[in-house]
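Numbering (the UniProt record's numbering), first residue to last: 1 to 174.
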């Protein structure tokens with residue numbers, strides 16, 4: 001039965017109980033609220049969602065540390081190349097684009113591999129529910145864009161730092 005939202009829950013339950021007892025006196029009156037039923041039914045999924053969000057954040061943090069380390073290593077390995085390019089007149093933006101291109105291509109490759117797998121896993125997981133939603137393309141577009149932005153922000157610090165370093169320092173060591 002549905003309770004009128006304008007009536008208090010206690011009053012509505014008492015009214016429903018009296019109607020129920022009038023038509024079926026030998027059965028006990030039992031009731032549940034739909035929000036409680038949904039909480040019991042989907043509580044496990046909510047818990048898994050919170051755990052997945054925590055571990056996804058942790059994985060993103062660890063991967064950003066790895067990206068930062070790789071960008072630092074790459075910039076250190078290419079110090080002389082950066083110095084020569086700066087002496088020959090390249091701009092900071094062109095150096096940033098050159099140094100970030102390797103990382104962007106790796107991220108794009110990983111997105112091309114991960115998106116079909118993620119779609120397949122999400123589709124199979126949603127098949128276990130009686131009422132389910134479809135999987136929209138915008139989810140994959142937003143996550144791909146967010147991944148690229150996080151990658152660029154992580155890598156840009158080291159690439160811009162390397163691009164702004166004086167070419168005299170990098171070429172003087174030879």
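Glycine included, every Cβ here is placed at the ideal spot set by N, Cα and C. Here the structure is a predicted model, which means the values were calculated and not measured.
Quick one: what does DSSP say residue i is sitting in, helix, strand or coil?
i           : result
residue 78  : coil
residue 102 : helix
residue 33  : coil
residue 6   : coil
residue 26  : coil
residue 166 : coil
Below 8 Å between beta carbons: does that hold for residue i and residue j?
i           : j           : result
residue 170 : residue 107 : no
residue 164 : residue 84  : no
residue 156 : residue 100 : yes
residue 61  : residue 158 : no
residue 111 : residue 144 : yes
residue 154 : residue 64  : yes
residue 177 : residue 14  : Coverage of the chain is limited to positions 1 through 174, which leaves residue 177 absent and any answer about it impossible.
Nearest CA to the CA of residue i: which residue from the options?
i           : options           : result
residue 104 : 140, 94, 149, 56  : 149
residue 109 : 136, 3, 147       : 147
residue 75  : 57, 88, 95, 59    : 95
residue 245 : 42, 2, 70         : In the structure as shown, the chain starts at 1 and stops at 174, and residue 245 therefore has no counterpart that could be examined.
residue 135 : 15, 123, 37       : 123
residue 166 : 113, 53, 81       : 81
residue 98  : 172, 160, 9, 5    : 160
residue 131 : 9, 38, 19         : 38
residue 66  : 113, 20, 53, 151  : 151
residue 128 : 45, 139, 102      : 45
residue 70  : 49, 102, 58       : 102
residue 168 : 20, 26, 87, 141   : 87
residue 162 : 138, 77, 172, 113 : 77
Checklist entry - Taking contact to mean at least 3 C-beta pairs separated by less than 8 Å, is the region 22-34 in contact with the region 112-126? => result no
Checklist entry - Which runs of the alpha helix (DSSP H), 4 residues or longer, sit entirely within the region 80-150? => result 92-126
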